[in-house]
Amino acid sequence: MLRRVAGPALLLACLPLAGLAAQPPAALRSQGSVLGTPFEIEVRDLDRPAAEAAITEAFAAAARLEGEAAALARLAGGGGEVALGEAGFELLRRAQAYCRWSDGAVGPLGGPLFRLWGLTERAPGRPDRAALDAAVAAGRCDRLALDVERRSARLAEGAELHLFPFAQGWAADALADALRAAGAANGLVRVGVVRRAAGPGPEGRGWPVEPPAAPGAAEPVGTIYLRDRALALLAPDDRPLAIGGERLAPYLDLSTGAPAEGVVQLLVVAERALDAHALGYALFALGPRRGQFRLGGLEPPPAVLWQLGRGEGEPLLAESKWWTVPKR
């Protein structure tokens, strides 16, 4: 369900009076909600009026995104062609591209599968094979038709749009782009499991992120630094599926209908938040063996760290380009 975007609640960090003129502008922070998910914004290195103006622009971008999402919600399987705004159409174009890249493991038409597994409504138990097969077929990449010239979309009969694998990254990019366009070159946006950072951060090394320890791990992987990059940090309990007395990771392989197993934490760093989020979903579902095979065709290559196990002991690590991420 879409929710109204709240107005910015600005929190100004306090500075001591002594030596105030020599201090850089204070950090300005704000919180809100977009597409049903809380977000946080921090802006640095701007005076207060400029920082407030930039954050106001980010809230305006969040409101526009709600409008785009409302247009997308009009898409129904077999319901005819729907004209979309630029942002909504571009989202579907990228989502369909990721569907094809992943051979259907991630995509924008997982609605029937998410419902069967209890992501969107309570499910009494594991779905049977016939129901899963029908839901997988309804979510195939070719069930979404896009018309570039008309900037419109059409869903095949039985298809159902669901943006769970993409929405948080989509929103983080929209807010971060609005901040930068308004002159905020040093800032951080967090929407759910996704962060997007710009500029040198609070100490010039990039924006620090300290991932929590994965289940079973003796300690976390350590601080990483984001500078003009985005991070998706995924775990089984992000929005767990509670079904038949089980708790399962929400990252279903949409090509098979099966829930992901064996990943206790996944980190993906990419240039944009939508890419980090979509890749994170796909690579959680695919696992490192199939995931690393598909990563070879991406430019620029993302950095990925899988932590593998059952949460009962020290996880095994698998990575791709993780050495490129600055760390403490």
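Take the sequence shown: its letter number 300 is residue 682 in the numbering used here, and every next letter is one higher. Glycine is no exception: its CB is placed at the ideal position from the N, C-alpha and C atoms.
> What's the call for Leu466, buried or exposed, on a 16-neighbour Cβ count within 10 Å?
Replying inline: By the 10 Å Cβ count, Leu466 comes out buried.
> Buried or exposed: which applies to Ala445, given that a residue is buried once 16 or more other Cβ atoms fall within 10 Å of its Cβ?
Replying inline: Exposed, by the Cβ-count rule.
> Grouping DSSP H, G and I as helix and E and B as strand, with all else coil, what is Ala395?
Replying inline: With a pLDDT of only 37 at Ala395, under 50, the local geometry of the prediction cannot be trusted, and no value is derived from it.
>> Using CA atoms only, rank isn't needed, just tell me which of Ala549, Ala599 and Ala442 is closest to Ala658.
In response: Closest by alpha carbon: Ala549.
> Any idea which residues DSSP pairs Pro641 with across the strands?
Replying inline: DSSP, once it has assigned bridges, lists Leu634 as partnering Pro641.
> Would you call the CB atoms of Leu668 and Cys481 closer than 9 Å?
Replying inline: Cβ atoms of Leu668 and Cys481: not closer than 9 Å.
> So, helix, strand or coil for Trp483, using DSSP?
Replying inline: DSSP places Trp483 within a helical segment (H, G or I) once states are collapsed to three.
>> Going by DSSP in three states, Glu701 sits in which element: helix, strand or coil?
In response: DSSP places Glu701 in strand when its eight states are reduced to three.
>> Quick check on the DSSP output: the beta strand (DSSP E) that includes Thr419 runs from which residue to which?
In response: Taken as a continuous stretch (DSSP letters only), the beta strand (DSSP E) holding Thr419 covers Thr419 to Val425.
>> Could you compute how far the alpha carbon of Ala564 sits from the alpha carbon of Trp552?
In response: Distance between the alpha carbons of Ala564 and Trp552 is about 19 Å.
> In the structure shown, what three-state DSSP assignment does Glu694 receive?
Replying inline: Glu694 sits in coil when the DSSP states are folded into three classes, being neither helix nor strand.
>> Using only CA atoms, which one of Ala599, Ile625 and Leu661 lies nearest to Ala614?
In response: The shortest C-alpha separation from Ala614 is found at Leu661.
>> Under DSSP, the beta strand (DSSP E) around Asp529 begins and ends at which residues?
In response: Secondary structure note for Asp529: its beta strand (DSSP E) is the uninterrupted segment Leu526 to Asp529.
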